[in-house]
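Novice: This structure is in structure tokens; I'll ask about it shortly.
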Amino acid sequence: HSTRNIATHRSEQDTFCLSDADVLTLADYAIKVEQHYSRKMQESRPMDMEWAKDGIDGQLYMVQARPETVASQKKGQVLEEYILDGQGPALVQGRAIGGKIASGPVRIIRDVKHLADFRPGEILVADITTPDWEPIMKEAAAIITNRGGRTCHAAIIARELGIPAVVGTDLATTTLKDGDSVTVSCAGGDVGSVYAGALPFTVRHTDLATLPRPQTQIMINLGNPEIAFQTCMLPNDGIGLARMEFIINSAIKAHPMALLHPEKVEDAHERTALATLTQGYAQPADFFVERLSEGIGTIAAAFYPKPVVVRMSDFKTNEYAALLGGRWFEPEEDNPMLGFRGASRYAHPAYTEGFHLECLAMKRVREEMGLDNVILMLPFVRRVKEADDVLAKMAEFGLRRGENGLQVYAMCEIPNNIILIDQFAQRFDGFSIGSNDLTQLTLGVDRDSAIVAYDYDERDDGVKEMIRLAVEGCARNGIHSGLCGQAPSDYPEMAEFLVQIGIQSMSLNPDTVLATTLHVLDVEKKRSGGE
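Right under this line is the structure:
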């Protein structure tokens, strides 16, 4: 028979091609096929498989299986170092994010309306980026912004994606021109430079196959499930910070309260967009719970059985308002960084129903998917009473600390967390020091402001003392101490300081894991040799 195009009814278009049962059947087939060939070859043999679903009998058929020849061939770990072979005068300079080099044509995006103009492989140039830009950021060769410091949104996402970024350049959108070829270099330390033309560069590789594991756990910060399985190949002790925000932005796109209460969304276009997003799901809440649990589940599965610390949502109000339907549920704040964010939202009537969906998703990951390596973490817990309120709310929603081995950590990023650490430690199984916010609140510096960026420094004696007190407080109370900020990645002396004060883990962005592991091993060796 020849191939025919058959018109499908609208109701068929609005339903999923595969059921959950089909997906589980295919997973079962895949495991059996791989086990069969591995037994035959007497060694682990990952397989590349193809399948089809028959349109008449509805059955699933395996149509091909052959050895997988790309991912499974990678042996050992290699450290990449980028070296620029030639350079002219820099067009613009700013703060370097990562250590890589990339070149490509400039694409200036001035606002959200023009995101569709962006093409894969271009250099994204913008005033500043926000979470709704993430779909195009994933396709950029590099990112350049006028505003922002080392912990701004563009910097965090660029690190996670492993692409170079130069932030806080002031003049990028006025100096650079659309279509011009430029080279973005972050290989020169703290200062990132943008040069005219495609300059030559080399990449030096160092094989780390025989690398020993340091005593200090080296964990990874990750939010993007799409890179979880390639990232888990890095030598690591698990995920120290899995951010929900990336998944909510890219896979869900809508504000949870807008999904639950579309009648409060006063814009007809937004209501239509919400209905389109949730097609095929029994109810909009299921869409949120399933998408979020699938994203987190992918990260947890990639690193299983190592611990994966998942931070509950920590959008600021302006970021929540940017989600589809979000503006109808969020207050306008002059300083969202210090406003209605983190734990303060979870037990608050304005967001409790949204937090309930987050909890249902995490319950699904741990209990239905069986990924019990997931540890939950609460961000920005300002007061002890707030901790009690939120833990009680979690228990009400089926996530009781200590039940089914559930551990709950808190971010340690507010001076009050350290001043009252003995009280907070009774309520949590561990603290992860967020050095970005802790620095901001100890020094009183807005971490997103380029104008006072010179005052924002985690190496300040006051910040280091806060970190030392936090690590000592955790040790005194027998709970886990970790750090998931930018400091040890950017400053080797901070990694050294953390090892010296006896921190149990540090969580790094993927691009700095190998270099920091080597540095930590060196520090530990010197310490043991000198004792």
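Residue numbers for the sequence shown follow UniProt numbering, beginning at 1 and rising by one.
By construction, the Cβ of each residue, glycine as well, lies at the ideal position given by its N, Cα and C atoms.
Please read these numbers as outputs of a predicted model, since none were measured by experiment.
(1) Under the rule that 16 or more other beta-carbon atoms within 10 Å means buried, what is residue 562, buried or exposed?
(2) Please determine, among Phe424, Asp457, Val499, the residue with the shortest C-alpha to C-alpha distance to serine 435.
(3) Is the beta carbon of leucine 376 less than 9 angstroms from the beta carbon of valine 309?
(4) On the three-state DSSP scale, how would you describe threonine 183?
(5) Could you pull the DSSP bridge partners for leucine 483 from this structure?
(6) What are the complete beta strand (DSSP E) segments, minimum 3 residues, inside the UniProt domain "PEP-utilising enzyme mobile" (119 to 189)?
(7) In the DSSP assignment, what residue or residues form a beta bridge with serine 313?
(8) Over the uninterrupted beta strand (DSSP E) stretch that includes glutamate 333, give me the two end residues.
(9) Ignore the nearest five residues each way along the sequence and tell me which others in valine 191's own chain have a CB closer than 8 angstroms to its CB.
(10) Is the beta carbon of glutamate 134 sitting closer than 9 angstroms to the one on asparagine 249?
(11) Out of Asn146, Pro415, Gly188, state which residue places its alpha-carbon closest to the alpha-carbon of isoleucine 108.
(12) Closer than 8 angstroms by C-beta to lysine 363: which residues in its own chain qualify, once you throw out the five before and the five after it? Chain order, please.
(13) Taking the C-alpha atoms as reference points, what is the distance between glutamine 426 and valine 471?
(14) Rounded to a whole number of angstroms, what is the C-alpha to C-alpha distance between phenylalanine 355 and isoleucine 227?
(15) Using a Cβ-Cβ cutoff of less than 7 angstroms, which residues in the same chain neighbour valine 365 once the five nearest sequence positions on both sides are dropped?
(16) Tell me which same chain residues have a C-beta within less than 7 angstroms of the C-beta of valine 78, skipping the five on either side of it?
(17) Of all the options Val408, Val384, Arg401, which has the alpha carbon lying nearest to the alpha carbon of isoleucine 419?
(18) For the segment 211 to 222 against the segment 237 to 256, do three or more pairs of beta-carbon atoms, one drawn from each stretch, fall closer than 8 angstroms, so that the two count as touching?
(19) By Cβ distance below 7 angstroms, which residues in the same chain neighbour cysteine 359 in space, the five residues on each side in sequence not counted?
(20) Taking the continuous alpha helix (DSSP H) assigned at proline 256, which residues delimit it?
(21) By alpha-carbon positions, which one of Gly104, Gly168, Val106 ends up nearest to aspartate 127?
(22) Give me the DSSP bridge partner(s) of aspartate 48.
(23) Quick one: give me the first and last residue of the alpha helix (DSSP H) that phenylalanine 497 is part of.
(24) Over the uninterrupted alpha helix (DSSP H) stretch that includes glutamate 290, give me the two end residues.
(25) In or out: histidine 114 buried (at least 16 other Cβ within 10 Å) or exposed?
(26) In the DSSP assignment, the beta strand (DSSP E) including methionine 219 goes from what residue to what residue?
(27) Pull up the distance between the alpha-carbon of residue 540 and that of tyrosine 320, whole angstroms please.
(28) Is it a yes or a no for the segment 338 to 347 touching the segment 268 to 287, going by three-plus beta-carbon pairs under 8 angstroms?
(29) The beta strand (DSSP E) spanning histidine 205 covers which residue range?
Specialist: This is what the structure holds:
(1) For the chain, the structure presents residues 1 to 531; residue 562 sits outside this window and is missing.
(2) Locating residue 435 in the sequence shown gives position 435, where the first residue counts as 1. With distances taken between Cα atoms, serine 435 lies closest to Asp457.
(3) The residue given as residue 376 occupies position 376 in the sequence shown. The residue given as residue 309 occupies position 309 in the sequence shown. Their beta carbons are under 9 angstroms apart, which means leucine 376 touches valine 309 by this criterion.
(4) Here residue 183 refers to the residue found at position 183 of the sequence shown. Looking at threonine 183 - three-state DSSP - the assignment turns out to be strand.
(5) For the purposes of this step, residue 483 is identified with residue 483 of the sequence shown, where counting begins at 1. BP columns for leucine 483 point to Ile433, Met506.
(6) 123 to 126, 142 to 145, 165 to 167, 181 to 185
(7) Stepping through the sequence shown from its first residue, residue 313 is reached at position 313. For serine 313, which the question treats as bridged, DSSP gives no partner whatsoever.
(8) If you number the sequence shown from 1, residue 333 lands on position 333. Premise fails: glutamate 333 is in no beta strand (DSSP E) and is neither H nor E.
(9) In the sequence shown, counting from the first residue as 1, residue 191 sits at position 191. The answer, listed in chain order, is Gln93, Gly94, Arg95, Ala96.
(10) Counting from one through the sequence shown, the residue named residue 134 turns up at place 134. Counting from one through the sequence shown, the residue named residue 249 turns up at place 249. A contact, by the Cβ cut-off of 9 angstroms.
(11) Position 108 of the sequence shown, counted from the first residue, corresponds to residue 108. Closest by alpha carbon: Asn146.
(12) For this step, residue 363 is matched to residue 363 along the sequence shown. Excluding residues within five positions, the ones whose Cβ falls inside 8 angstroms are Phe397, Gly398, Leu399.
(13) Along the sequence shown, read from residue 1 onward, the residue named residue 426 stands at position 426. Along the sequence shown, read from residue 1 onward, the residue named residue 471 stands at position 471. One C-alpha to the other measures close to 15 angstroms.
(14) Position 355 of the sequence shown, counted from the start, is the residue given in the question as residue 355. Position 227 of the sequence shown, counted from the start, is the residue given in the question as residue 227. Using only the alpha carbons, I get a separation of about 26 angstroms.
(15) Translated into the one-based positions of the sequence shown, residue 365 becomes position 365. Cβ within range, chain order: Ser293, Ile296, Gly297, Ala300, Leu371, Val374.
(16) Here residue 78 refers to the residue found at position 78 of the sequence shown. These residues qualify, in order along the chain: His205, Thr206, Asp207, Leu208.
(17) Counted from its first residue, the sequence shown places residue 419 at position 419. The option with the nearest alpha carbon to isoleucine 419 is Val384.
(18) yes
(19) Residue 359 sits at position 359 when you count from the first residue of the sequence shown. Closer than 7 angstroms at the Cβ level, and outside the excluded window around cysteine 359, lie Met394, Phe397, Gly398, Leu399.
(20) The residue you call residue 256 lines up with position 256 of the sequence shown. Segment 256 to 260, the alpha helix (DSSP H) holding proline 256.
(21) Within the sequence shown, the letter at position 127 stands for residue 127. Of the listed residues, the one whose Cα sits closest to aspartate 127 is Gly168.
(22) Counting from 1 along the sequence shown, the entry for residue 48 is found at position 48. The partner list for aspartate 48 (beta bridge, DSSP) reads Arg66.
(23) Taking the sequence shown and counting its residues from 1, one reaches residue 497 at position 497. It spans 492 to 500 - the alpha helix (DSSP H) in which phenylalanine 497 sits, taken as one unbroken run.
(24) Residue mapping note: residue 290 aligns to position 290 of the sequence shown, counting from 1. Note, glutamate 290: alpha helix (DSSP H), 284 to 303.
(25) Within the sequence shown, the letter at position 114 stands for residue 114. Per the 10 Å Cβ criterion, exposed.
(26) Your numbering for residue 219 matches position 219 in the sequence shown. It spans 217 to 222 - the beta strand (DSSP E) in which methionine 219 sits, taken as one unbroken run.
(27) Residue 540 lies beyond the range of the chain shown here (1 to 531); nothing can be said about it.
(28) no
(29) Reading the sequence shown from its first residue, position 205 is the one you call residue 205. Unbroken beta strand (DSSP E) run through histidine 205: 201 to 207.
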